[in-house]
Amino acid sequence: MAAEPLRTVLRSATREHVIGHENRFTLIGERINPTGRRIFQEQLRAGDFSAIERDVKAQVEGGADVLDINMGVPLTDEPELLAKAVQMVQELCDLPICIDSSVVEALEAGLAVYQGRALVNSITAEDDRMAAILPLVKKYDAAIIALPNDHDEIPMEADKRVDLTAKIIRVATEEYGIAQADIVIDPLAMPIGADAGTTLVTFEVMRRIRDEFGVNMTCGASNVSFGMPGRHTLNGTWLPMAMTSGLTSAIMDARTPHVVEAVKAADLFLGHDDWGSAWIAAHRAKLAAEAASA
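Numbered per this note's numbering, the sequence shown spans residues 46 to 339.
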């Protein structure tokens with residue numbers, strides 16, 4: 046018998062957002078991240094946060110439901126940077142936030158200043174990572190993204206990923222008292238250019254996680270097209286396919302209309318957009334924007 050589908054509730058100071066199998070797909074805007082952005086890194090080192098304001102505006106206008114914030118800049122005080130960025134984003138918009146760092150001290154600094162119920166990105170099935178981060182998740186009543194890989198490898202086999210998912214859920218719920226609904230699994234979407242069969246494995250993992258555990262899932266959507274041409278087309282095709290397998294959210298660039306529209310169309314066909322109201326509203330807004338710029 047399939048597991049009951051779970052709901053992951055996130056909040057800002059004034060708004061609630063639910064990630065769920067019966068809800069519209071959640072777009073987690075990825076842009077507030079200095080990885081691969083040399084100029085942005087230099088600005089942050091100089092104390093210039095102006096790019097964050099532009100990124101927030103673009104992601105909100107693109108339809109993001111949640112904003113991922115990462116301040117992993119070499120040779121900086123990441124906890125201080127992340128806390129400042131979280132405070133700034135809260136002043137700029139009312140979307141819930143995903144606090145993203147591999148540095149435990151930075152995660153706590155971000156959580157300490159956040160006014161709401163955050164999503165934390167992320168842990169793995171490694172015992173030391175869970176022991177370092179799950180107490181913070183519990184302390185600040187947050188939700189957590191978890192990746193089913195361990196010290197040994199990123200497993201290519203579906204069985205190993207499902208087994209590690211079971212381990213993460215068991216440890217988080219039984220040892221740390223975290224609700225299963227607050228565990229969002231990243232089923233590990235790998236680049237199609239490296240191995241043509243990897244996507245089929247990921248889809249199988251998604252279906253099994255959905256059916257066996259009922260938890261929500263997310264991924265870095267752009268990973269699947271890394272190194273390939275026509276990336277927006279690939280991402281816009283892959284995401285609706287992943288949605289039918291159980292993916293309920295994705296960390297992605299909300300500035301890509303082609304991909305966002307593909308997701309919203311899939312929501313309509315999957316019965317997650319009553320009477321097509323969201324699709325119609327988005328279409329009208331697009332027409333209005335085109336008329337205003339003409």
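Ideal Cβ positions, reconstructed from N, Cα and C, are used throughout, including at glycine.
Check	Outcome
When DSSP labels each residue in this structure, what does M262 get in the three-state scheme?	strand
DSSP state of N194, grouped into three classes?	coil
I need the straight-line Cα distance from L245 to S338, nearest angstrom please.	42 Å
Of all the alpha helix (DSSP H) runs that stay within the bounds of the segment 180 to 255, which reach a length of 4 or more residues?	203 to 215
With a cut-off of 8 Å on the beta carbons, I'd call V118 and R90 a contact; round off their distance for me.	6 Å
So what does DSSP say about V105, is it helix, strand or coil?	helix
Please state the DSSP three-state secondary structure of L315.	coil
How would you label D172, buried or exposed, when you count the other beta carbons within 10 angstroms and need 16 or more for buried?	exposed
Pull up the distance between the alpha-carbon of R60 and that of R162, whole angstroms please.	10 Å
Between R412 and the rest of its own chain, which residues show a CB-CB distance below 8 Å, the 5 nearest in sequence each way excluded?	Any question about residue 412 goes unanswered here, given that the chain covers just 46 to 339.
In the DSSP output, what is N32 paired with across the bridge?	The structure shown does not extend to residue 32, since the chain spans only 46 to 339, so no value can be given for it.
Kindly indicate the opening and closing residues of the beta strand (DSSP E) around H66.	From DSSP, H66 is part of no beta strand (DSSP E); its letter is neither H nor E.
Could you check what DSSP says for S290 in three-state terms: helix, strand or coil?	helix
Measuring CA to CA, which of L120, I230 and L140 is closest to N166?	I230
Run the CB neighbour count on A241, radius 10 Å, all protein chains shown included, and call it buried at 16 or more, exposed below.	exposed
Identify every residue that forms a DSSP beta bridge with T53.	I64
Can you have a look at V148 and say buried or exposed, based on whether 16 or more other CB atoms are within 10 angstroms of its CB?	exposed
What separation, rounded to the nearest whole angstrom, lies between the Cα atoms of T243 and I77?	28 Å
To the nearest angstrom, report how far apart D256 and L292 are at their CA atoms.	12 Å
Within this structure, are the beta carbons of D110 and S57 separated by less than 8 Å?	no
Cα-Cα, which of R99, E153 and I199 is closest to E125?	E153
Considering only C-alpha positions, which residue in the set S146, D298 and W283 is nearest to L181?	S146
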